[in-house]
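Residue numbers (the working numbering): 76 to 516.
Structural data, given as structure tokens:
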């Protein structure tokens with residue numbers, strides 16, 4: 076009987092491990108940060124390059140990818156058969172009366188437990204894949220939003236610099252008029268106070284730009300941005316919401332994930348139902364008994380041992396686990412219905428914000444900006460010629476700055492709403508990146 080069991084031990088020792096564990100104490104994050112910093116350009120950065128950096132180095136996306144790989148391993152483990160059990164028993168240690176039993180037992184799962192377990196693991200794997208796609212959509216939407224935030228911050232800084240230049244010119248003009256005796260020194264004091272306020276706005280714009288650049292670079296894991304500026308045209312509005320937005324709701328990541336959760340919970344319910352049927356264990360072995368006294372010493376007997384073990388489901392019928400699984404399945408269905416309602420509301424709000432922001436930006440671009448620029452030029456020229464007071468020129472300058480800032484906020488809000496709509500509907504990066512190429516000057 077010894078030759079029957081030695082190969083089993085040899086085979087068990089010869090099986091290689093399926094997955095290798097990472098080395099203890101390994102920390103790849105500094106390497107990732109260094110690689111992201113080296114890959115980031117030191118000059119202008121366009122939207123496509125920023126998206127490529129984020130998809131390659133974003134830690135959250137890498138985490139979702141690892142979860143997807145782990146779910147593959149869970150499916151592999153779910154399909155494994157139960158291991159056989161080797162049992163050796165010795166009765167009475169005295170040599171003449173010693174009885175040795177060698178037995179190999181194999182549990183056999185009944186009721187479709189293995190199939191239900193594999194199905195539940197496969198649904199979990201599908202959820203991990205769906206979560207990875209959803210994370211790509213969220214990352215893409217966040218990157219587009221932050222990229223246009225950087226563009227907006229750059230434009231606000233340019234407007235603040237232009238306003239400082241205009242304020243300096245107004246201060247010089249006021250000083251010349253005071254020196255010529257045309258106005259009182261109070262006009263020059265007012266001009267200098269207004270210039271100081273605009274310089275404060277310039278400092279705030281510089282700080283906002285630094286913060287926006289750091290938030291953008293953080294998406295690819297670089298705490299210290301290397302790019303000099305975001306290269307794009309902020310005044311190019313995103314496209315209006317497509318007419319088939321309602322038809323795309325069913326493929327949204329949140330609904331896809333909720334439906335997979337319902338399927339996974341249903342598979343777990345099936346698994347708990349299958350566990351109500353007890354498994355059996357089949358045993359096969361050999362028993363060496365000592366020789367009978369009448370047969371003389373040295374002549375023992377070998378007996379074949381066959382067994383069947385069946386648990387009796389008397390006290391534990393798995394009723395509680397079945398009830399829990401069914402309740403969680405119904406909970407998943409309720410969450411799916413709630414997600415459908417919430418998604419419809421969020422998509423409608425994002426669509427309305429996009430429509431409103433586009434209309435506001437177009438109205439300001441078409442009607443308000445040209446009038447404000449013309450009014451300021453006329454007021455500034457009239458102030459230099461002595462036809463307008465400083466307050467009138469300052470008011471025209473402030474109006475122009477406010478209109479430009481309103482237009483800038485409307486354009487940025489339009490891009491933010493468009494990115495949010497893409498995130499809700501599940502744009503995972505395979506679609507074409509919004510055009511942010513610089514407009515021809």
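We put the CB at the ideal spot given by N, CA and C, even for glycine.
- Distances from the alpha-carbon of residue 118 to those of 190, 325, 301 and 184 put 301 closest.
- Here residue 181 has 159 and 357 as same chain residues with Cβ atoms under 6 angstroms from its own Cβ, once five neighbours each way along the sequence are excluded.
- Using a Cβ distance threshold of 8 angstroms, residue 469 and residue 324 do not count as a contacting pair.
- The alpha-carbon of residue 254 is positioned some 14 angstroms away from that of residue 266.
- Annotation: the segment 251 to 302 contains the following complete segments of the alpha helix (DSSP H) (minimum length 4 residues), in chain order: 260 to 293.
- Contact between the segment 123 to 131 and the segment 308 to 317 is absent: fewer than 3 CB-CB pairs across the two stretches fall below 8 angstroms.
- As computed with DSSP, residue 312 is found in no beta bridge at all.
- Counting along the chain, no beta strand (DSSP E) covers residue 337; the unbroken alpha helix (DSSP H) around it starts and ends at 328 to 349.
- Residue 409: member of the alpha helix (DSSP H) spanning 394 to 438, first to last residue.
- In this structure, residue 205 places its C-beta atom within 8 angstroms of the C-beta atom of residue 332.
- One alpha carbon belongs to residue 281, the other to residue 241, and they sit about 18 angstroms apart.
- Bridge partners of residue 162 according to DSSP: 178.
- Secondary structure remark: continuous beta strand (DSSP E) runs of at least 3 residues inside the segment 123 to 168, in chain order: 160 to 166.
- In the three-state reduction of the DSSP assignment, residue 362 falls in the strand class, which pools E and B.
- With fewer than 16 other Cβ atoms inside 10 Å of its own Cβ, residue 144 counts as exposed.
- For the 8 angstroms CB-CB criterion, residue 450 and residue 471 form a contact.
- The beta carbons of residue 309 and residue 215 sit no closer together than 8 angstroms.
- Looking at the backbone, the Cα of residue 454 and that of residue 432 are separated by about 30 angstroms.
- Approximately 4 angstroms separates the beta-carbon atoms of residue 146 and residue 203; this is inside 8 angstroms, confirming the contact.
- Here the segment 330 to 348 makes contact with the segment 385 to 404; the two share three or more CB pairs at distances below 8 angstroms.
- Bounds of the beta strand (DSSP E) holding residue 383 are 376 to 384.
- As DSSP reads the structure, residue 355 sits in a beta bridge with 183.
- Setting aside the 5 residues that flank it on each side, residue 415 is surrounded in the same chain by 330, each with a C-beta closer than 7 angstroms to its C-beta; the list follows chain order.
- Listed in chain order, the non-local C-beta contacts of residue 439 below 8 angstroms within the same chain comprise 478, 481, 482 and 485, local neighbours out to five positions each way being set aside.
- Check the Cα spacing between residue 319 and each of 225, 411, 426 and 290: the tightest is with 426.
- Straight through space, the alpha carbons of residue 441 and residue 121 are spaced by roughly 27 angstroms.
- Here residue 304 is bridged, per DSSP, to 119.
- Looking only at 235, 287 and 398, the smallest Cα-Cα distance to residue 274 is reached by 235.
- Of the residues 328, 185 and 298, the one whose Cα lies closest to the Cα of residue 201 is 328.
- Around residue 386, the same chain offers 353 as residues with beta carbons nearer than 6 angstroms, after the five sequence neighbours per side are excluded.
- 8 angstroms or more divides the Cβ of residue 221 from the Cβ of residue 114.
- Between the alpha carbons of residue 246 and residue 272 lies a distance of about 13 angstroms.
- Residue 292 is positioned such that its CB atom lies no closer than 8 angstroms to that of residue 228.
- If you draw a straight line from the Cα of residue 226 to the Cα of residue 196, it is about 45 angstroms long.
- Using a 10 angstroms sphere on the CB of residue 154, the tally of other CB atoms stays under 16, which defines it as exposed.
- Setting aside the 5 residues that flank it on each side, residue 379 is surrounded in the same chain by 361, each with a C-beta closer than 7 angstroms to its C-beta; the list follows chain order.
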